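At position 318 of the sequence shown the residue is numbered 377 (the working numbering), and the sequence of numbers has no breaks.
For glycine and all other residues, C-beta sits at the position ideal for the given N, C-alpha and C.
Please read these numbers as outputs of a predicted model, since none were measured by experiment.
Beneath this line is the structure, given in structure tokens, with notes to follow.
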Amino acid sequence: MNTKLVIAIVSLAGCVPMGNGVWNGASYGGTSTSAPQQGQAANTVRAPENLTAIGAAKSLARLTTDEAQEIRPMLDADGKKLLAVSWRDEVVDGVATGATIDQMIVGLRPDGRGRTPYSRRGAAHSPAWLPGGKFIYVSNAMGTWQLVRAAKAQPGSAVSVIVRADDAPGLSSLSASRDGSLIAFQTTVRDVLTIGTVHPDGSELMMLTEGANPKISPDGKRIVFERPVNGVWHIFTMDTDGGDLTQVTEGDSTEGSADWSPDGKWLVYASNAGYQRFPNGAGDTTWNLFAIHPDGTGATQLTDGPRKSTDPCWGADGWVYFASNEAGNFDLWRVKVPAASLD
């Protein structure tokens, strides 16, 4: 592979923090659909016992109910097919070992039906769509974790390598621009989680800045991702070349796994804000979905519940697809969030 590697790490000091209007997750206290105010008292709204759609979100539905775990749903541009990562927990003599088995990329219809394996078992994660029904994912079928492209969304499809493990260790969290001309990913550089980009032919491999879980905007000009600030993970955006680094969220709550609305005017993300309201709530196990403008204004909560909801994908059909362990396993869910209803 003829790869040109460019290192362009951007320092946090060079970012543009959004001052006014940034949601302070630490002060969030309930299910208000407007941006919480600085200093607002926490734990003031009764916590629901089960996952609930609130505010502009409607029609919450669980899509998968089998024994497998499913995460990272990705809807194609036509709104006709989902990609997801699926696995089962290994159980020996009735005891879970903590290992996973049968991990693979699967395809499903948007209603969760028609489950079809697209990759070899135990060898794939982090799928993302390309135009024309093709998709990319991270595979270790050849012995090391590599970024590969599948020729078709069907079982046994031929794959080609885009980025090898030696060039980007710890590859994960892929995202492709709508026209398919650019791929963003998460890797590790000198033990630091780092956002990188590459063209689909493997050229112009660039390492941009510290961060994780990148998603390219609908117009292909910006990337949303998360990175730590004083030990707390927050949402940021930047140009696809690493410039104009902008902080979107701030406060004591942890945020991540952001995605763009189809029109690019909103971000949906997961946060542990308000977990203290729940009797068994914890910062690493109680997460819900929120939306916010890319400039840090208009924060609003979309789901409320005591367990973990994460990995949102805002589809062109107006549904936000996500993973939640509300029913025990991580299953795929969706909730209707028309962007116009947020304004």
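Backbone CA spacing between residue i and residue j [nearest angstrom]
i	j	result
Ser-178	Ser-216	8 Å
Asp-363	Leu-348	8 Å
Gly-261	Ile-221	5 Å
Asn-388	Gln-128	6 Å
Val-154	Leu-167	30 Å
Asp-161	Ser-118	31 Å
Ala-224	Thr-175	27 Å
Asp-298	Val-151	48 Å
Pro-186	Ile-275	14 Å
Val-207	Lys-139	23 Å
Arg-281	Asn-109	35 Å
Ile-195	Ala-209	6 Å
Pro-107	Ala-200	43 Å
Glu-309	His-293	6 Å
Val-248	Trp-346	28 Å
Trp-325	Gly-279	15 Å
Asp-354	Leu-304	12 Å
Reference residue i, options the options, closest by Cα
i	options	result
Arg-172	Ala-183, Gly-202 and Asp-125	Asp-125
Phe-337	Arg-366, Asp-354, Asp-250 and Met-297	Arg-366
Ser-219	Lys-139, Gln-205 and Asp-225	Gln-205
Asp-343	Thr-369, Trp-319 and Leu-326	Thr-369
Thr-123	Pro-397, Lys-395 and Tyr-380	Tyr-380
Pro-273	Leu-189, Thr-156, Ser-236 and Glu-263	Ser-236
Lys-395	Gln-306, Ala-106, Asp-311 and Arg-121	Arg-121
Ser-231	Pro-214, Val-307 and Ser-316	Ser-316
Ser-234	Leu-141, Ala-350, Leu-189 and Thr-268	Leu-189
Ser-198	Ala-210, Asp-170, Gly-191 and Ile-164	Ile-164
Arg-393	Leu-401, Ala-382 and Asp-402	Ala-382
Residue i - containing beta strand (DSSP E), residue span
i	result
Tyr-196	194-198
Thr-296	291-298
His-352	Segment: none, His-352 is in no beta strand (DSSP E) and carries neither H nor E.
Arg-208	205-209
Pro-132	128-134
Thr-344	That residue, Thr-344, is in no beta strand (DSSP E); it is neither H nor E in DSSP.
Asn-109	It is not in any beta strand (DSSP E) - Asn-109 carries neither H nor E in the DSSP assignment.
Met-53	In this structure the chain extends from 60 to 402, so residue 53 is not present and cannot be described.
Tyr-177	Where Tyr-177 is concerned, there is no enclosing beta strand (DSSP E), given that its DSSP letter is neither H nor E.
Arg-48	In the structure as shown, the chain begins at 60 and stops at 402. Residue 48 is therefore absent and cannot be evaluated.
(message) In chain order, what are the residue ranges of uninterrupted beta strand (DSSP E) at least 3 long that sit wholly in the segment 238-289?
(response) 242-248, 251-257, 264-269, 271-275 and 281-288
(request) Examine the Cβ distances between the segment 226-244 and the segment 252-259 and report whether three or more of them are shorter than 8 Å. (result) yes
(message) Is it the case that the segment 361-380 contacts the segment 124-144, given that we only count it when at least three CB pairs across the two stretches are under 8 Å?
(response) yes
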